[in-house]
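Protein chains in written order, with this note's numbering: chain A, 1 to 294; chain B, 295 to 555.
Structural data, given as structure tokens:
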């Protein structure tokens, strides 16, 4: 076991592109999805959308807009009151959560709802073990997850001896090791410092190289705009806008979603620019262009 | 998710002082134990617990919860006592070396119905009393505040643990854990479900203690209550009557065998 760890460690410093993704391409299809909680609260209202394999989408909106309820349908945690959710050719109604775990990895908000092993390494191995990954490959997967999530130094530590933000990384790593073609992240930026945000950005890049579909629920608009080419804006249980960051230029969308525009958009508006750039690169380009035309 | 058993209804039963409700449940339980008539528990359940539950508009949850708890118990009681009651003679029928006996079944019936009555009476109180009211009533009756807090916390903890257990179950299933199927699968699923629950509960205790201290829980002075309990002279009298009745019944059942058969 030690041999395998030592063997893999140095190679990973050059990135992990040697891990070819063997995942099938799975599109997500949600059709006429309604969901009401047992107490009668209607959380989703006729949501239909298609998410192509390999997409990277941030789901944004106010508290109570239905973001988490929506993504909980993607791995069968919730089953629709009406309508269907298809993960590739699987209807979530016909498969258990454990079966769907082969296709969709889900990183929960609260790490303490799942950590139970006595070391980080074992914790990360739990998911792949459930998926009956062979022993040799298991070690490789765990080593890779430890590296991608920056947990090599604590791999033998008891998860409950770690800080909350580190425990979050353990839960992310345990999904990384499952190597599912689809990953759902529920509020991944909570509690992360600048260093953690960068690591998250690197992980998203890695997933993109592997054509993993990533769907993230987030309150962090700046993070969403910078890291996700596609935004899904939700309000009152419905998807009210979908597209790249320019959807945030639409005042009516922001108002309906109860969102505040990212700082750059507000700055551009204050400068009287007609077309607000949503990231630093676009802002600088716009500035250079307006200087040239002067 | 509802984090307490309390069901908010506008009923006369709800409006009673918590101690009155407790006194009713207590007197019912004492009666079931002291009166030696096999059908006393069933009679009290049908003629007292159910009417009160209907009055409080909580009959559905009271009946559902009572039977969810009692039915499995009753079945195992009937089997174990029916076959193995010590000294039983009257054989009803024989399965191989095992004989089902009448005395055992009777004992199982009396014990099972007693538990049913106690569960029903307890639920009658818990469903209709806001936990804060219960705590206040206990403190006003002279119980130390920490004791009242512990009792109320214990009542509230169950639904809270239930909600957390559900969250843990989902989280582990999402990591591919199978929780249904053969006994082996179910047993191996226990640790991943229980460990986070226990860790979480321990962590919770520490945080709760800190939060309580930070909010002057241990301040020596009497606490002001946000909630106001309504008590009446009639209720106070009723409570005393019920307590006196219970004590008399206990004493009587010790010295005078109350055979009503």
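We treat Cβ as the ideally placed atom computed from N, Cα and C, and that holds for glycine.
Everything numeric in this text was worked out from a predicted model, so none of it was measured.
Minimum Cα-Cα distance from residue 383 (chain B) among the listed residues B:374, B:391, B:397 and B:375 corresponds to B:397. Judged by DSSP in its simplified three-state form, residue 331 (chain B) adopts coil rather than helix or strand. In terms of beta-carbon proximity, residue 135 (chain A) stays away from the interface with chain B, with every pair separated by 8 Å or more.
Assigned with DSSP and collapsed to three states, residue 234 (chain A) falls in strand. By alpha-carbon distance to residue 418 (chain B), the top candidate from B:373, B:303 and B:545 is B:303. Separation of residue 466 (chain B) and residue 486 (chain B) (C-alpha to C-alpha, rounded to the nearest whole angstrom) is 7 Å. Here residue 37 (chain A) is exposed: its Cβ has fewer than 16 other Cβ atoms, across all protein chains shown, within 10 Å.
Residue 62 (chain A) and residue 233 (chain A) have their C-alpha atoms spaced approximately 9 Å apart.
Of all residues in the region 388 to 399 of chain B, none places a beta-carbon less than 8 Å from a beta-carbon of chain A. If you draw a 10 Å sphere on the C-beta of residue 480 (chain B), you find fewer than 16 other C-beta atoms in it, and that means exposed. Closest option to residue 426 (chain B), judged by alpha-carbon separation, among B:439, B:348, B:478 and B:415: B:439. Taken atom to atom, the span from the alpha-carbon of residue 331 (chain B) to that of residue 91 (chain A) is near 58 Å.
The C-alpha of residue 408 (chain B) lies about 11 Å from the C-alpha of residue 415 (chain B). Non-local C-beta neighbours of residue 121 (chain A) in its own chain, meaning closer than 8 Å and more than five positions away in sequence, comprise 142, 146, 155 and 156, ordered along the chain.
Annotation note: the region 380 to 459 of chain B contains the following uninterrupted alpha helix (DSSP H) runs of length 4 or greater, listed N- to C-terminal: 396 to 422 and 425 to 434.
Interface criterion met: the Cβ of residue 467 (chain B) is under 8 Å from a Cβ in chain A. Within 9 Å of the CB of residue 130 (chain A), the CB atoms of chain B belong to 466, 469, 470, 471 and 472, in sequence order along the chain. According to the DSSP assignment, residue 83 (chain A) belongs to the beta strand (DSSP E) that extends over 82 to 87. Within the same chain, 32 and 34 come within 7 Å of residue 82 (chain A) by CB-CB distance, once the 5 residues on both sides are set aside. When the beta-carbon positions are compared, residue 315 (chain B) and residue 489 (chain B) stay at least 8 Å from each other. The Cβ-Cβ distance between residue 181 (chain A) and residue 225 (chain A) does not fall below 8 Å.
Contact check for residue 298 (chain B) against residue 351 (chain B) fails: the beta carbons are separated by 8 Å or more.
With respect to the 8 Å criterion, residue 544 (chain B) and residue 324 (chain B) are classified as neighbours on the basis of their beta carbons. Of all C-beta pairs linking the region 453 to 470 of chain B to the region 105 to 118 of chain A, three or more are shorter than 8 Å, placing the two stretches in contact. Listed by position along chain B, the residues whose Cβ is nearer than 7 Å to that of residue 174 (chain A) are 469.
Sixteen is the threshold: since fewer than 16 other Cβ atoms of the shown chains lie within 10 Å of the Cβ of residue 275 (chain A), the residue is exposed. Interface annotation, residue 489 (chain B): in contact with chain A, CB-CB separation under 8 Å.
Taking 8 Å as the cut-off, the Cβ atoms of residue 28 (chain A) and residue 50 (chain A) count as close. Residue 245 (chain A) carries a helical assignment under DSSP once its states are collapsed to helix, strand and coil.
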